[in-house]
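The next block holds one structure in the form of structure tokens; read it before the comments.
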Amino acid sequence: MRGRGRFITVEGLEGAGKSTCLAGIEQYLRGRGLDPVMTREPGGTPLGEAIRQLLLGFDHADMNADAETLLVFAARAEHLAKVIRPALEAGRPVVCDRFTDATYAYQGGGRGLGEARIEALESWVQQGLVPDLTVLLDVPIELGLARAGRRSAPDRFEQERLEFFERARAMYRARAQRMPERIVMIDASAPAEEVLAAITSALGRLLDGAG
Ligand code: Z5A
0 MRGRGRFITV EGLEGAGKST CLAGIEQYLR GRGLDPVMTR EPGGTPLGEA IRQLLLGFDH
60 ADMNADAETL LVFAARAEHL AKVIRPALEA GRPVVCDRFT DATYAYQGGG RGLGEARIEA
120 LESWVQQGLV PDLTVLLDVP IELGLARAGR RSAPDRFEQE RLEFFERARA MYRARAQRMP
180 ERIVMIDASA PAEEVLAAIT SALGRLLDGA G
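Following this line, the structure appears as structure tokens:
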């Protein structure tokens, strides 16, 4: 019988290069004979995608930070039940573009909610399931914003002030320092090929049982 699949998450501020790296991660895993489920948060299910619209759009632009956090976890509960757990139990790797570290960064750090309430929701919703590997693409805020700014109109998070992203980045980095066995922080200001090489090397360690 196959074992449980590996759960891999990719994190970073906007413009860090997550979308760019996800294609390379999928290609690497397929090259290793695996059949990964590629998904994202908020989203990944019809309900999750509807919640994503609420979170990123401007219809409820002034939503309360607790409400925002609960919406993120509502989408996550559905995602875990319908997509993530079934795939892991079937032995497939799951690669998720953002997960709970983003909640710590954006709601805990950015919105100033702190970690305790997020820990409580994490333990309720995830029941002990945490990623096996988290790739944190770390970029200076201005560089990430400049890269992202080349594209479309900003969403509700992208139009936040610089200090919001500074707090989010500080939370991401603090968590990476505290959990080096799970979170691999990569300097994402490097050229894309170098970033991908660092990611595949971390994936190789995970799959070969050394990480
Ligand atoms: N959110 C939250 O608040 N709480 C939560 O719990 C969760 C999420 C899960 C949506 O996330 C928002 O949800 C997010 C936080 C919130 N908002 N913010 N900010 P998202 O992941 O969907 O959106 P995003 O962070 O805005 O993603 P993004 O802007 O698409 O960033 P990216 O995927 O990291 O960047 P990219 O598209 O790969 O790259 C951007 C550009 O840079 C592109 O033109 C690339 O060609 C270029 N690029 C990428 N890498 C490089 C390198 N290495 N060198 C040069 N150029 C590069």
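Per numbering that gives the first Met the number 0, the very first residue in the sequence shown carries number 0; after that it's consecutive.
Here a beta-carbon is modelled for each residue, glycine too, at the ideal position from N, C-alpha and C.
All values reported here derive from a predicted model rather than from experimental measurement.
Fewer than three pairs of CB atoms, one per stretch, sit closer than 8 Å, so the stretch 9 to 22 makes no contact with the stretch 45 to 55. The beta carbon of R75 sits closer than 6 Å to those of V124, all from its chain and outside the five residues before and after it, given in chain order. Taking 7 Å as the cut-off, one finds no heavy atom of the ligand Z5A near enough to the beta carbon of S122. Leaving aside the five residues that flank L120 on each side, the residues in its chain whose CB is nearer than 6 Å to its CB run, in chain order, F72. Fully contained in the stretch 132 to 170 are the following alpha helix (DSSP H) runs of length 4 or more, in chain order: 140 to 148. Note that the stretch 86 to 98 touches the stretch 30 to 38; at least 3 beta-carbon pairs, one per stretch, sit closer than 8 Å.
DSSP places V93 in the uninterrupted beta strand (DSSP E) bounded by V93 to D96. With respect to V82, L135 sits apart: the two C-beta atoms are not nearer than 8 Å. DSSP places G203 inside the alpha helix (DSSP H), whose first and last residues are A191 to L206. Contact between A64 and R110 is confirmed by a C-beta separation of about 4 Å, below the 8 Å threshold.
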